[in-house]
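Q: My questions will all concern the structure given below.
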Amino acid sequence: MTFGYGELAEKWEGDVVDDGAGDTTDDGRHSQSATGDGRDTPPATGDGQRAGRVTVDASGAGSRQAWAGLPWLVRSAVLWSACLVVVVAGLYLVGKIAVLLAPLAIALAATLFLTALLDPVLLLLRRLRLPAALAALLTVLFLLGILVGVGVLVWNLTASQFSELSQELDQGLQRTRDFVTSTLPVTDDQLDKLIRQTRDGLGGGAPDPVGGARTAAEVAGSVLLSLVLLFFLLKDGRSMWHWVLRRTAGPNRDVAAEAGRVGWRTLGAYSRGTMVIAAIDALGIGLALVLLRVPLALPLALITFLGGFVPIIGATVAGAVAVLVALAAKGPTVALLTLAAVIAVQQIEGNLLEPLVMKRQVQLHPAVVLVAVTAGTLIAGIAGAFVSVPITAVVYRVIDTVQRHRQAAATRPPAPA
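Under full-length UniProt numbering, the first residue of the sequence shown is numbered 1, with each subsequent residue one higher.
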């Protein structure tokens with residue numbers, strides 16, 4: 001049994017009586033002389049052990065008292081700061097791993113995105129009683145046919161415009177130069193110096209053939225890996241998910257099943273909704289470029305379509321490219337008309353089409369979207385910008401579903417015994 005310091009003192013003083021002659025009597029139970037045999041004399045180490053234990057207890061109590069004496073605001077700040085440090089360290093570690101495994105991570109994200117996008121096609125083929133492997137293979141071939149067909153069509157319709165565009169760009173750049181020097185307080189020498197500095201900054205030195213070959217090999221490997229994973233996920237994705245659920249024990253199985261359904265539904269809604277919105281943007285801006293006789297209207301429309309998969313930033317960059325081409329080829333008037341058309345299409349898309357198509361399943365605040373796109377771009381470049389927003393939307397919906405289940409479980413009355 002362990003006593004505190006006060007209890008030890010009271011027990012020792014109450015039990016031990018000094019008779020003044022050097023003998024000590026323990027309430028008549030023990031008797032020993034000052035030079036006695038030491039049968040009942042506590043060993044010297046016992047006092048040291050008691051003193052050490054009392055010191056530890058006193059220091060622990062002092063620390064608790066010091067912590068309790070701090071204002072609640074200071075205690076909350078310390079706790080939240082510690083949690084924030086742990087979260088930031090975890091995110092930093094995940095980011096470092098993602099950078100090291102960037103080709104694999106991008107391939108997995110692109111595969112999940114394409115699987116959610118093509119899932120309705122797979123279900124349609126399965127309703128025709130096709131085997132799972134054949135339906136998955138036809139779905140992958142359908143995707144490849146669309147990509148190759150669009151690429152060939154764009155090349156055939158725009159290959160003849162490149163020679164004309166080079167001449168028009170030279171004339172347009174000269175007109176733009178004259179407009180800048182006549183409107184702004186900039187001389188020809190200053191403009192030449194600025195262009196030279198920009199060109200040197202973008203060049204960044206001589207190209208590295210080894211680095212270029214390595215990047216091309218990584219891209220090719222990621223594309224091939226995505227196609228293979230796409231086939232297997234289309235073929236066996238649902239059975240894989242059921243295998244995971246069977247190994248989830250207890251009430252967590254229902255929560256995991258619901259979170260998985262919500263996450264998959266969110267990813268599918270985002271992928272299909274984004275594709276519809278990007279197609280409408282590309283059609284509207286492409287039609288405006290055709291009416292204004294801007295060269296390379298179809299490639300610019302294709303750039304607009306691809307940029308639609310990167311919210312906010314993608315549409316802005318695609319519109320800026322279209323305006324610059326119109327400025328260089330047709331002059332300031334056509335460039336201003338192109339800018340007006342781009343702004344009109346984007347306003348219709350942002351205020352009418354996106355709320356109608358996306359609805360409430362993937363709604364994210366614009367600030368969250370900007371942070372996600374920026375983080376994805378810093379981690380994995382253009383590919384990271386494409387996959388950052390759907391990953392953020394899915395994670396948000398999964399966390400929200402788990403939180404709602406926990407709240408419902410906490411407020412549910414206990415079952416009767």
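Ideal Cβ positions, reconstructed from N, Cα and C, are used throughout, including at glycine.
State yes or no: is the C-beta of Ala105 within less than 8 Å of the C-beta of Ala116?
A: Counted from its first residue, the sequence shown places residue 105 at position 105. Counted from its first residue, the sequence shown places residue 116 at position 116. Not a contact, by the Cβ cut-off of 8 Å.
Q: In the DSSP assignment, find the unbroken alpha helix (DSSP H) run with Val394 in it and report its ends.
A: Along the sequence shown, one-based indexing puts residue 394 at 394. Here the alpha helix (DSSP H) through Val394 covers 366-411.
Q: Classify Ile106 as helix, strand or coil using the three-state DSSP reduction.
A: Indexing the sequence shown from 1 puts residue 106 at position 106. Here Ile106 sits in helix by DSSP.
Q: Less than 8 Å between the C-beta atoms of Leu296 and Thr176, yes or no?
A: Stepping through the sequence shown from its first residue, residue 296 is reached at position 296. Stepping through the sequence shown from its first residue, residue 176 is reached at position 176. Not closer than 8 Å, so no.
Q: Does the separation of the CB atoms of Ile312 and Val395 fall below 8 Å?
A: Counting from 1 along the sequence shown, the entry for residue 312 is found at position 312. Counting from 1 along the sequence shown, the entry for residue 395 is found at position 395. In this structure, Val395 does not lie closer than 8 Å to Ile312 by Cβ.
Q: According to DSSP, simplified to helix, strand and coil, what is Gly331?
A: In the sequence shown, residue 331 corresponds to position 331, counting from 1. Of the three classes helix, strand and coil, the one that applies to Gly331 here is coil, per DSSP.
Q: How many whole angstroms separate the CB atoms of Phe305 and Ala279, which I take to be in contact at a CB cut-off of 8 Å?
A: Along the sequence shown, one-based indexing puts residue 305 at 305. Along the sequence shown, one-based indexing puts residue 279 at 279. So it is a contact: roughly 6 Å between Cβ atoms.
Q: Find the nearest neighbour of Gly376 within the set Ser222, Val389, Leu130, His365, judged by alpha-carbon distance.
A: Looking up residue 376 in the sequence shown gives position 376. Of the candidates Ser222, Val389, Leu130, His365, Val389 places its Cα closest to the Cα of Gly376.
Q: What is the DSSP secondary structure of Pro299, counted as helix, strand or coil?
A: Walking along the sequence shown from the start, residue 299 turns up at place 299. Residue state, collapsed to three classes: helix.
Q: Are the CB atoms of Leu287 and Thr338 nearer to each other than 8 Å?
A: Position 287 of the sequence shown, counting from 1, holds the residue named residue 287. Position 338 of the sequence shown, counting from 1, holds the residue named residue 338. No, they are not a contact pair.
Q: Judging by CA-CA distance, which residue of Arg265, Thr266, Leu245, Gly221 is the nearest neighbour of Ala256?
A: For this step, residue 256 is matched to residue 256 along the sequence shown. If you compare the alpha carbons of Arg265, Thr266, Leu245, Gly221 with that of Ala256, the shortest gap goes to Leu245.
Q: Just reading off the alpha helix (DSSP H) that Gly308 is part of, what are its end residues?
A: In the sequence shown, residue 308 corresponds to position 308, counting from 1. It is not in any alpha helix (DSSP H) - Gly308 carries neither H nor E in the DSSP assignment.
Q: Helix, strand or coil, according to DSSP, for Val186 in the structure here?
A: Walking along the sequence shown from the start, residue 186 turns up at place 186. The answer is coil: DSSP assigns Val186 none of H, G, I, E or B.
Q: For Thr248, which of helix, strand or coil comes out of DSSP?
A: Stepping through the sequence shown from its first residue, residue 248 is reached at position 248. Shown here, Thr248 sits in coil according to DSSP, grouped into three states, outside any helix or strand.
Q: Round the Cβ separation of Val294 and Val325 to the nearest angstrom and send it over; I've been treating them as touching at under 8 Å.
A: Translated into positions along the sequence shown, residue 294 becomes position 294. Translated into positions along the sequence shown, residue 325 becomes position 325. Contact annotation, Val294 with Val325: C-beta distance approximately 6 Å; criterion of less than 8 Å satisfied.
Q: Which of the three DSSP states is assigned to Ala77 in this structure?
A: For this step, residue 77 is matched to residue 77 along the sequence shown. The answer is helix: DSSP assigns Ala77 an H, G or I state.
Q: Answer yes or no: do Gly263 and Arg397 have a C-beta to C-beta separation smaller than 8 Å?
A: Within the sequence shown, numbered from 1, the residue matching residue 263 stands at position 263. Within the sequence shown, numbered from 1, the residue matching residue 397 stands at position 397. Contact flag set, yes.
Q: With DSSP run on the structure shown, which of helix, strand or coil describes Val294?
A: Locating residue 294 in the sequence shown gives position 294, where the first residue counts as 1. Residue state, collapsed to three classes: coil.
Q: If I measure Cβ to Cβ from Thr35 and keep anything under 6 Å in the same chain, skipping five residues before and after, which residues do I get?
A: Translated into positions along the sequence shown, residue 35 becomes position 35. The pLDDT assigned to Thr35 is 44, lower than 50, so where the model puts this residue is not dependable, and the model offers no usable value.
Q: If contacts are defined as beta-carbon pairs under 8 Å, then Ser226 and Ala385 qualify, I think. What distance do you get, rounded to the angstrom?
A: Here residue 226 corresponds to residue number 226 of the sequence shown, with the count starting at 1. Here residue 385 corresponds to residue number 385 of the sequence shown, with the count starting at 1. At roughly 17 Å, the Cβ-Cβ gap does not stay under 8 Å, so Ser226 and Ala385 are not in contact.
Q: With distances taken between CB atoms, is the gap from Leu125 to Leu138 smaller than 8 Å?
A: Stepping through the sequence shown from its first residue, residue 125 is reached at position 125. Stepping through the sequence shown from its first residue, residue 138 is reached at position 138. Against a cut-off of 8 Å, the Cβ pair of Leu138 and Leu125 comes out as a contact.
Q: Just how far apart, CA to CA, sit Asp188 and Val321?
A: Position 188 of the sequence shown holds residue 188. Position 321 of the sequence shown holds residue 321. One C-alpha to the other measures close to 24 Å.
Q: Specify the secondary structure class of Pro120 as computed by DSSP and reduced to three states.
A: Residue mapping note: residue 120 aligns to position 120 of the sequence shown, counting from 1. Helix, per DSSP.
Q: On the three-state DSSP scale, how would you describe Leu137?
A: For the purposes of this step, residue 137 is identified with residue 137 of the sequence shown, where counting begins at 1. Leu137: helix per DSSP, three-state reduction.
Q: Near Leu298, what residues of its chain come up, given a Cβ to Cβ distance below 6 Å and the 5 sequence neighbours on each side ignored?
A: Start at 1 with the first residue of the sequence shown, and residue 298 comes out as number 298. So the list reads Val154, Leu157, Thr158, once near-sequence residues are dropped.
Q: Quick check: Ala135 and Leu144, are their CB atoms within less than 8 Å of each other?
A: Residue numbering aside, residue 135 sits at position 135 when the sequence shown is read from its first letter. Residue numbering aside, residue 144 sits at position 144 when the sequence shown is read from its first letter. Their beta carbons are not under 8 Å apart, which means Ala135 does not touch Leu144 by this criterion.
Q: Secondary structure at residue 424, three-state DSSP: helix, strand or coil?
A: Outside the displayed span of the chain (1 to 417) sits residue 424, for which this structure offers no information.
Q: Thinking C-beta only, is Leu267 closer than 8 Å to residue 428?
A: Absent from the model: residue 428. The displayed extent of the chain is 1 to 417, so no value can be given.
Q: If you draw a straight line from the C-alpha of His365 to the C-alpha of Thr392, how long is it?
A: By 1-based counting over the sequence shown, the position of residue 365 is 365. By 1-based counting over the sequence shown, the position of residue 392 is 392. Going from the Cα of His365 to the Cα of Thr392 covers about 11 Å.
Q: In three-state DSSP terms, what is Arg175?
A: Taking the first residue of the sequence shown as 1, we reach residue 175 at position 175. Arg175: helix per DSSP, three-state reduction.
Q: Between Leu191 and Thr181, how many whole angstroms is the CB-CB distance? I'm expecting something under 8 Å.
A: Your numbering for residue 191 matches position 191 in the sequence shown. Your numbering for residue 181 matches position 181 in the sequence shown. Rounded, the Cβ-Cβ distance is 6 Å, consistent with contact.
Q: Distance check for Gln347 and Leu93, CA to CA, integer angstroms please.
A: Locating residue 93 in the sequence shown gives position 93, counting from the first residue. Locating residue 347 in the sequence shown gives position 347, counting from the first residue. So the two alpha carbons sit approximately 39 Å from each other.
Q: With Trp241 and Gly260 assumed to form a contact (beta carbons below 8 Å), what rounded beta-carbon distance in angstroms separates them?
A: For this step, residue 241 is matched to residue 241 along the sequence shown. For this step, residue 260 is matched to residue 260 along the sequence shown. About 6 Å; that satisfies the 8 Å criterion.
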